[in-house]
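**Q**
Numbering (this note's numbering), first residue to last: 187 to 279.
Structure, rendered in C-alpha cells:
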C-alpha cells in the first residue's frame with residue numbers, strides 16, 4: 187500500500203487553509219484597527235483583505251473537486267468566506 191503524494195491536497199489541509207485565510211484576515215484587520223482606529227487606511231485595508239481573500243477561498247474549493255470529502259471543504263470555505271465578508275462589512279459600516 188503506497189501513500190498518496192505529500193503535495194496532493196487532502197480535505198484536512200484544505201479546510202485548515204480555509205480557516206487560515208480567515209485567521210490571517212481577522213488578525214491583520216484587528217491589529218490595524220487597534221493600531222490606527224477610525225482611520226481611512228484601516229477601512230481600506232479591511233476591505234482589500236476581504237476582496238483578496240475570496241479568490242483564495244475559491245481556489246481552495248476548486249482544489250477539492252476530486253475529494254470525497256468535498257462537502258466538508260466547501261462548508262469550511264463557506265464559513266470562512268462569510269466571516270471574511272463580515273470583517274469587510276465592518277469597514278463599510
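Idealized CB from N, CA, C, for every residue including glycine.
Just so we're clear, the structure is a prediction, and the values are computed from it rather than from any experiment.
If you run the structure through DSSP and keep just helix, strand and coil, what is residue 241?
**A** DSSP places residue 241 in helix when its eight states are reduced to three.
**Q** Need the endpoints of the alpha helix (DSSP H) that residue 271 sits in, please.
**A** That run of the alpha helix (DSSP H) goes 256 to 278.
**Q** With a threshold of 7 Å on Cβ separation, who are the neighbours of residue 201 within its own chain once the five nearest residues in sequence on each side are excluded?
**A** Answer for residue 201: 258, 259 and 262, listed in chain order.
**Q** Within the continuous alpha helix (DSSP H) that includes residue 202, where are the two ends?
**A** Taken as a continuous stretch (DSSP letters only), the alpha helix (DSSP H) holding residue 202 covers 197 to 221.
**Q** Of the choices 215, 226 and 251, whose alpha-carbon is the least far from that of residue 197?
**A** Comparing Cα positions, the closest option is 251.
**Q** Nearest by alpha-carbon distance to residue 266: which of 249, 220, 203 and 194 is it?
**A** Measuring from the Cα of residue 266, the nearest candidate turns out to be 203.
**Q** Distance, Cα to Cα, residue 279 vs residue 241?
**A** When rounded, the distance between both Cα atoms is 23 Å.
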